[in-house]
Amino acid sequence: MSTDSIALMGAPGSPYTRKMLAMLRYRRIPYRLLMSGSEQAQRMPPAKVGLLPTFYFPDESGALEAVVDSTPIIRTLEQMFLERSVIPSDPALAFIDYLIEDYGDEWLTKAMFHYRWYYPADIERAGDILPRWRGLMASDEELAPLSELIRERQISRLYVVGSNDTTAPVIEASYRRFLELFSAHLRHGPFVLGGRPGAADFALFGQLTQLTAFDPTPMALTLEVAPQVYAWTSVMEDLSGLEPTEDHWHDRESLPDTLRDLLTEIGRVYVPALLANAQAVESGLDAVETTIDDLPWTQQPFPYQAKCLQWLRQERARLDLQDRAFVDGLLEGTGCDALFTKG
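The sequence shown lines up with residues 3 to 345 when you count with the working numbering.
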């Protein structure tokens with residue numbers, strides 16, 4: 003295991019930055035956070051795609067290389083650091099963890115982005131605060147043009163996550179149900195798969211740092227519907243003092259029913275979105291047109307999420323016959339089984 007600190011660039015308002023920072027703290031991996039836009043960050047090599055967080059790993063020659071995308075980075079770190087893993091040792095549970103991580107990263111983020119840039123109070127707060135993280139000494143007058151630029155740019159990008167007047171009811175109803183279901187699930191253990199956190203926990207946490215503790219509209223909803231989820235998000239911030247053992251993972255034969263309830267929510271909303279998007283991307287369509295939860299859904303195709311579907315199928319295909327049979331049995335009737343039975 004390397005003792006050198008890992009450099010990464012990020013920002014407090016980036017849910018994926020928060021996901022990875024909390025994971026690094028839990029795993030006790032030394033790191034150095036470079037604030038996005040800072041002089042230190044600008045001196046680092048650029049990533050092929052500008053996303054937060056950006057990690058900097060040495061390549062074969064020893065030169066630093068910019069790497070993005072939190073899910074594969076977590077797997078890279080699993081190879082570099084063996085202790086305090088966030089991947090369940092049971093391959094079947096590792097797949098469930100992967101599926102829920104993907105839901106957090108790719109569906110729950112729709113709620114985060116939607117609430118932040120759809121409602122006036124949330125737009126106002128984000129526009130006021132986001133530029134200050136890289137300009138702590140700037141005056142209100144100096145920041146005003148940047149605040150307005152950020153608001154205009156982000157509102158214009160709502161199409162990326164599929165937030166619009168048509169899809170708003172689907173996104174908001176799904177977030178409320180998630181709060182209720184996750185709150186109920188936490189009564190069976192402090193984390194998604196038992197007494198220690200997996201990658202799925204950090205994915206959910208990343209989005210919830212914004213939904214529960216920054217953006218006013220979803221924060222108020224969370225406190226009303228699921229104060230336990232609000233508290234969980236605060237606890238997840240730093241789990242460096244947790245001492246996990248192997249038996250802290252749930253046993254596959256005694257999973258609580260609330261986990262299946264959570265998977266059913268994923269099958270209810272995220273799965274049909276994934277399938278419709280993949281079909282639109284494959285067919286070269288200009289729009290995704292489908293129904294989710296008996297309501298209309300329309301957005302522009304998102305090629306990255308077509309890859310997410312491919313990766314989910316690849317992860318399932320890697321399971322041996324016994325583990326795959328268990329996963330298929332758990333997912334049967336949740337809607338998630340459609341991921342592997344439809345083209």
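Yeah, the Cβ is synthetic: ideal placement off N, Cα and C, and Gly gets one too.
Here the structure is a predicted model, which is why all the values come from computation and not from measurement.
Under a three-way DSSP split, which group does residue i fall into?
{"i": "Ile-31", "result": "coil"}
{"i": "Pro-229", "result": "helix"}
{"i": "Met-22", "result": "helix"}
{"i": "Ala-113", "result": "helix"}
{"i": "Met-11", "result": "strand"}
{"i": "Gly-335", "result": "coil"}
{"i": "Phe-83", "result": "coil"}
{"i": "Val-329", "result": "helix"}
{"i": "Gly-196", "result": "strand"}
What residue range is occupied by the uninterrupted beta strand (DSSP E) comprising residue i?
{"i": "Ala-68", "result": "66 to 69"}
{"i": "Phe-59", "result": "56 to 60"}
Report yes if the CB atom of residue i is closer than 9 Å to the CB atom of residue j, and no otherwise.
{"i": "Arg-178", "j": "Leu-110", "result": "no"}
{"i": "Ser-241", "j": "Tyr-232", "result": "In the sequence under discussion, the amino acid at residue 241 is Leu, which differs from the Ser named in the question. No; because the gap between Cβ atoms is not below 9 Å, this pair is not in contact."}
{"i": "Leu-181", "j": "Val-237", "result": "no"}
{"i": "Leu-195", "j": "Leu-265", "result": "no"}
{"i": "Val-329", "j": "Arg-320", "result": "no"}
{"i": "Met-11", "j": "Ala-43", "result": "yes"}
{"i": "Tyr-117", "j": "Asp-107", "result": "no"}
{"i": "Leu-66", "j": "Tyr-18", "result": "no"}
{"i": "Thr-101", "j": "Leu-257", "result": "The sequence given here has Leu at residue 101, not Thr. Cβ distance not < 9 Å, so Leu-101 and Leu-257 don't count as in contact."}
{"i": "Phe-207", "j": "Gly-200", "result": "no"}
Terminal residues of the continuous alpha helix (DSSP H) containing residue i?
{"i": "Trp-299", "result": "No alpha helix (DSSP H) contains Trp-299, which is instead part of the beta strand (DSSP E) from 297 to 301."}
{"i": "Tyr-272", "result": "259 to 285"}
{"i": "Phe-180", "result": "170 to 187"}
{"i": "Tyr-105", "result": "93 to 105"}
{"i": "Thr-1", "result": "As displayed, the chain neither begins before 3 nor continues past 345, which places residue 1 out of reach and without an answer."}
{"i": "Tyr-121", "result": "No alpha helix (DSSP H) holds Tyr-121; DSSP gives it neither H nor E."}
{"i": "Ile-152", "result": "142 to 158"}
{"i": "Glu-41", "result": "41 to 44"}
Looking at the strands, I want to know which residues DSSP matches up with residue i.
{"i": "Gly-308", "result": "For the sequence presented, residue 308 should be read as Ala rather than Gly. None; Ala-308 has no bridge partner."}
{"i": "Thr-293", "result": "Pro-298"}
{"i": "Leu-36", "result": "Met-11"}
Does any residue of chain B have a CB that is nearer than 9 Å to the CB of residue i?
{"i": "Asp-240", "result": "Of the chains in the structure shown, none is chain B; there is only one protein chain."}
* Would you say the segment 73 to 92 touches the segment 183 to 194, given that touching needs at least three Cβ pairs under 8 Å? -> no
* Do the segment 268 to 287 and the segment 327 to 340 meet, that is, are 3 or more Cβ pairs less than 8 Å apart? -> yes
* Within the chosen definition, does the segment 145 to 162 reach the segment 210 to 217 through at least 3 CB pairs nearer than 8 Å? -> no
* Is it true that the segment 273 to 291 meets the segment 123 to 142, where meeting means three or more beta-carbon pairs spaced less than 8 Å apart? -> no
* Taking three-plus beta-carbon pairs below 8 Å as touching, is the segment 164 to 179 in contact with the segment 135 to 150? -> no
* To do: State whether the segment 70 to 84 contacts the segment 32 to 47, with contact taken as three or more CB pairs (one from each stretch) at a distance under 8 Å.
  => no
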